Amino acid sequence: MPSGIATEIYIAIGLIVLILLIGLVGMRRRPKGTEAETAPPPAEAERRARPEVAEAPAEAPPKPSLRDRLSKSRRFLADRLADAFGRAPDEETWEDVEAALIQADVGVEAATQITEDLRSKARERNLTTADDVRALLAEELVSLFEHDADRALAFGSQKPTVWIVLGVNGTGKTTTIGKLAADLVHRGRSVSLAAADTFRAAADEQLQVWADRAGAEMVKHQPGADPGAVAYDALQHARARQADVLIVDTAGRLHTKTPLMDELGKIRRVIEKEGKVTEALLVIDATAGQNGLVQAREFAEAAGVTGVVLTKLDGTAKGGIALAIERTLGLPIKLVGVGEALEDLEPFDPKTFVDALLS
Ligand code: GDP
Numbered sequence: 093m094p095s096g097i098a099t100e101i102y103i104a105i106g107l108i109v110l111i112l113l114i115g116l117v118g119m120r121r122r123p124k125g126t127e128a129e130t131a132p133p134p135a136e137a138e139r140r141a142r143p144e145v146a147e148a149p150a151e152a153p154p155k156p157s158l159r160d161r162l163s164k165s166r167r168f169l170a171d172r173l174a175d176a177f178g179r180a181p182d183e184e185t186w187e188d189v190e191a192a193l194i195q196a197d198v199g200v201e202a203a204t205q206i207t208e209d210l211r212s213k214a215r216e217r218n219l220t221t222a223d224d225v226r227a228l229l230a231e232e233l234v235s236l237f238e239h240d241a242d243r244a245l246a247f248g249s250q251k252p253t254v255w256i257v258l259g260v261n262g263t264g265k266t267t268t269i270g271k272l273a274a275d276l277v278h279r280g281r282s283v284s285l286a287a288a289d290t291f292r293a294a295a296d297e298q299l300q301v302w303a304d305r306a307g308a309e310m311v312k313h314q315p316g317a318d319p320g321a322v323a324y325d326a327l328q329h330a331r332a333r334q335a336d337v338l339i340v341d342t343a344g345r346l347h348t349k350t351p352l353m354d355e356l357g358k359i360r361r362v363i364e365k366e367g368k369v370t371e372a373l374l375v376i377d378a379t380a381g382q383n384g385l386v387q388a389r390e391f392a393e394a395a396g397v398t399g400v401v402l403t404k405l406d407g408t409a410k411g412g413i414a415l416a417i418e419r420t421l422g423l424p425i426k427l428v429g430v431g432e433a434l435e436d437l438e439p440f441d442p443k444t445f446v447d448a449l450l451s
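First residue of the sequence shown: 93, per my numbering; consecutive thereafter.
Take a look at the structure:
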């Protein structure tokens, strides 16, 4: 081989080796995470593109569970049942259980029935441990709630769905309407509110605050105006803007000679000339105990109530009132209020509720 060609081959090989070496060094120095790496999947790329702070957003505090919310009732029952179940079941156990249930506002008749059933089933099944008897008590309590009740809120076939909210002043009507509106808006529905409690001073201002928080619109008239006229206007307004749901606030007390129930009936009739009321929700304050039940009965009998919203369950040790309400009024509890914030409204499910009370 002529020496000139050999030299050229050596130079060429040398160049190739040099290029390879430069390439290798370059690859080592290249910082991780640049575009040249194998392209990450889009979600990964987006995550990487964000600065460190954004990668670990300040986490919203987890929502307290129903069990936490019912801590007053739970502790109340737990203390009393701990005494009752602290020994192998005997006559005194059943008396203690009955007393605990009565004190928890379950109602005397229901408490007696539950205790009788508990006693005979515990014997039949030969239950001796506190855990077994507690589990049986939970079963008994759940069985006394209405099984087949439809606890979902009913939507109409045409827009807007109309829900009326009723109840004595102070039970939590306005707050519940705000929470309901917020939940609906959160699920992508448009909501209008009707400030048809024209009797209580500043009721419309209070409702407006909730409407703003929830992202709902509100229709109101002058104080003292005819509630039926407000409901009518609100329905027209909701229709015009194609709102999904119209929620009507109503008075819990009147300063006129017209009986409250007549006024509530009138609101309903005005709406039902052109639309349909699919829910008339009665708001009951759990902290009012058996007194609240007496007040609620009047509404339940007169106003075509379709379901109950039981508020302030977080504020009472006597959560047994839920059972008393269903049994006495024969109405399903559809929602429970467990705090004063926008998100403190939960669907009611007897088993979840009883588990939260007894666990
Ligand atoms: P209204 O007169 O029936 O409209 O009752 P409001 O909505 O004004 O509520 C009366 C009071 O009860 C207010 O202080 C509310 O914050 C409070 N409230 C309403 N619902 C709940 C609830 O579920 N839990 C607690 N702790 N307070 C509530």
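Cβ atoms here follow ideal geometry from the backbone N, Cα and C, with glycine treated the same way. Keep in mind it's a predicted model, so treat the numbers as computed, not measured.
query: From Arg463 to Asp289, what does the alpha carbon distance come to, in whole angstroms?
result: What is shown of the chain runs 93 to 451, which leaves residue 463 out entirely.
message: Is it buried or exposed, Pro134, if we count other Cβ atoms within 10 angstroms and call 16 or more buried?
response: Here residue 134 corresponds to residue number 42 of the sequence shown, with the count starting at 1. Residue placement at Pro134 cannot be trusted, given a pLDDT of 43 that sits under 50; what the coordinates show is reported in the next sentence. Its Cβ having fewer than 16 others within 10 Å, Pro134 is exposed.
message: Using only the alpha-carbon positions, how far apart do Val277 and Leu299 sit?
response: In the sequence shown, residue 277 corresponds to position 185, counting from 1. In the sequence shown, residue 299 corresponds to position 207, counting from 1. Straight-line Cα distance between these residues: approximately 16 Å.
- request: Please indicate yes or no: does the CB of Val375 lie closer than 7 Å to some heavy atom of the ligand GDP?
  value: The residue you call residue 375 lines up with position 283 of the sequence shown. Yes.
message: Going by DSSP, what residue range makes up the beta strand (DSSP E) through Ser284?
response: Numbered from 1 along the sequence shown, position 192 holds the residue referred to as residue 284. That run of the beta strand (DSSP E) goes Val283 to Ala287.
message: Counting C-beta neighbours from all protein chains within 10 Å, is the total for Glu438 16 or more, i.e. buried, or is it exposed?
response: Position 346 of the sequence shown, counting from 1, holds the residue named residue 438. So Glu438 ends up on the buried side.
field: Cβ neighbour criterion (16 or more within 10 Å) applied to Ala293
entry: Taking the sequence shown and counting its residues from 1, one reaches residue 293 at position 201. Exposed, since its Cβ has fewer than 16 Cβ neighbours within 10 Å.
message: For Pro153 and Ala317, what's the separation of their Cα atoms in angstroms?
response: Numbered from 1 along the sequence shown, position 61 holds the residue referred to as residue 153. Numbered from 1 along the sequence shown, position 225 holds the residue referred to as residue 317. Going by the C-alpha atoms only, they are around 43 Å apart.
message: With a threshold of 7 Å on Cβ separation, who are the neighbours of Thr268 within its own chain once the five nearest residues in sequence on each side are excluded?
response: Within the sequence shown, numbered from 1, the residue matching residue 268 stands at position 176. If we look at Thr268 and ignore the five residues flanking it on each side, its Cβ neighbours are Val257, Val375, Val401, Thr403, Gly429 and Leu437.
message: For chain B, check one thing: does any of its Cβ atoms lie closer than 8 Å to the Cβ of Thr342?
response: Here chain B cannot be found, since the structure has a single protein chain.
query: I think Asn261 touches Gly344, with their Cβ atoms under 8 Å apart; what is that distance to the nearest whole Å?
result: Residue mapping note: residue 261 aligns to position 169 of the sequence shown, counting from 1. Residue mapping note: residue 344 aligns to position 252 of the sequence shown, counting from 1. Their Cβ separation, rounded to whole angstroms, is 4 Å, which keeps Asn261 and Gly344 in contact under 8 Å.
query: Closest to Gln334 by CA distance: which of Val301, Ala286 and Ser282 is it?
result: Here residue 334 corresponds to residue number 242 of the sequence shown, with the count starting at 1. That would be Ser282, whose Cα lies nearest to the Cα of Gln334.
message: Taking the straight line between their C-alpha atoms, what separation do you get for Val225 and Ala409?
response: Taking the first residue of the sequence shown as 1, we reach residue 225 at position 133. Taking the first residue of the sequence shown as 1, we reach residue 409 at position 317. Roughly 22 Å separates the two Cα atoms.
- prompt: Can you tell me whether DSSP reads Met119 as helix, strand or coil?
  reply: Translated into positions along the sequence shown, residue 119 becomes position 27. For Met119, the predicted structure reports a pLDDT of 45, less than 50, and the residue's modelled location is therefore unreliable. A value from the coordinates is still provided. Residue state, collapsed to three classes: helix.
- prompt: Does DSSP classify Asp377 as helix, strand or coil?
  reply: Indexing the sequence shown from 1 puts residue 377 at position 285. Asp377: strand per DSSP, three-state reduction.
- request: Tell me whether Glu208 sits in a helix, a strand or coil according to DSSP, three-state version.
  value: In the sequence shown, residue 208 corresponds to position 116, counting from 1. Helix at Glu208.
message: Suppose contacts are defined by Cβ-Cβ distances below 8 Å. Is Leu162 in contact with Gly412 by that definition?
response: One-based indexing of the sequence shown puts residue 162 at position 70. One-based indexing of the sequence shown puts residue 412 at position 320. The criterion of a C-beta distance shorter than 8 Å is not satisfied by Leu162 and Gly412.
- prompt: Given that a residue counts as buried once 16 or more other Cβ atoms are within 10 Å of its Cβ, and exposed if not, what is Arg121?
  reply: The residue labelled residue 121 in the question sits at position 29 within the sequence shown. Note on Arg121: pLDDT 43, under 50, position unreliable in the model; no value is reported.
query: By DSSP, does Val234 sit in helix, in strand, or in coil?
result: By one-based count along the sequence shown, residue 234 stands at place 142. Here Val234 sits in helix by DSSP.
task: Determine the DSSP secondary structure at Thr403, reduced to helix, strand or coil.
output: Reading the sequence shown from its first residue, position 311 is the one you call residue 403. Three-state result, Thr403: strand.
- prompt: Quick one: what does DSSP say Leu421 is sitting in, helix, strand or coil?
  reply: What you label residue 421 is simply residue 329 of the sequence shown in a count that begins at 1. Helix, per DSSP.
field: Distance CB(Val369)-CB(Ala286) smaller than 8 Å
entry: Here residue 369 refers to the residue found at position 277 of the sequence shown. Here residue 286 refers to the residue found at position 194 of the sequence shown. No, the Cβ-Cβ distance between Val369 and Ala286 is not below 8 Å.
field: Extent of the continuous alpha helix (DSSP H) to which Glu366 belongs
entry: For this step, residue 366 is matched to residue 274 along the sequence shown. Note, Glu366: alpha helix (DSSP H), Leu352 to Glu366.
query: Can you tell which of Phe168, Arg361, Lys443 and Ser212 has the C-alpha that lies nearest to the C-alpha of Ala191?
result: Within the sequence shown, residue 191 is the residue found at index 99, counting from 1. Of Phe168, Arg361, Lys443 and Ser212, the residue nearest in Cα terms is Phe168.
- prompt: If you drop the 5 nearest sequence neighbours on each side, which residues of the same chain put their C-beta closer than 8 Å to that of Ser284?
  reply: Numbered from its first residue, the sequence shown carries residue 284 at position 192. For Ser284, where only same-chain residues beyond five positions count, the Cβ hits under 8 Å are Pro252, Ala308, Glu309, Met310, Val311, Ala326, His329, Ala330, Arg333, Ala335, Val337, Leu338 and Ile339.
task: Return yes when the C-beta of Glu432 is under 7 Å from any heavy atom of the ligand GDP, and no when it is not.
output: Looking up residue 432 in the sequence shown gives position 340. Yes, the beta carbon of Glu432 sits closer than 7 Å to at least one heavy atom of the ligand GDP.
field: Three-state class that DSSP yields for Ala141 in the structure shown
entry: On the sequence shown, residue 141 is found 49 positions in, with the first residue counted as 1. Confidence is the limiting factor: at Ala141 the pLDDT is only 39, short of 50, which leaves the residue's position unreliable and the question unanswerable from this model.
- prompt: If you draw a straight line from the alpha carbon of Lys426 to that of Phe440, how long is it in whole angstroms?
  reply: Here residue 426 refers to the residue found at position 334 when the sequence shown is read from its first residue. Here residue 440 refers to the residue found at position 348 when the sequence shown is read from its first residue. Lys426 and Phe440 have their C-alpha atoms roughly 5 Å apart.
message: Going residue by residue through the stretch 281-348, where are the continuous beta strand (DSSP E) segments of at least 3 residues, counting only ones entirely within it?
response: You should have 283-287, 309-311 and 337-341.
Buried or exposed by the 16-neighbour rule on C-beta atoms within 10 Å, applied to Thr185: Taking the sequence shown and counting its residues from 1, one reaches residue 185 at position 93. Thr185 should be labelled buried.
Closest Cα partner of Gln205 within the set Phe445, Ala378 and Leu415: Locating residue 205 in the sequence shown gives position 113, counting from the first residue. It is Leu415.
- request: Tell whether a beta-carbon distance below 8 Å holds between Asp209 and Glu238.
  value: Here residue 209 is taken as the residue at index 117 of the sequence shown, counted from 1. Here residue 238 is taken as the residue at index 146 of the sequence shown, counted from 1. No; because the gap between Cβ atoms is not below 8 Å, this pair is not in contact.
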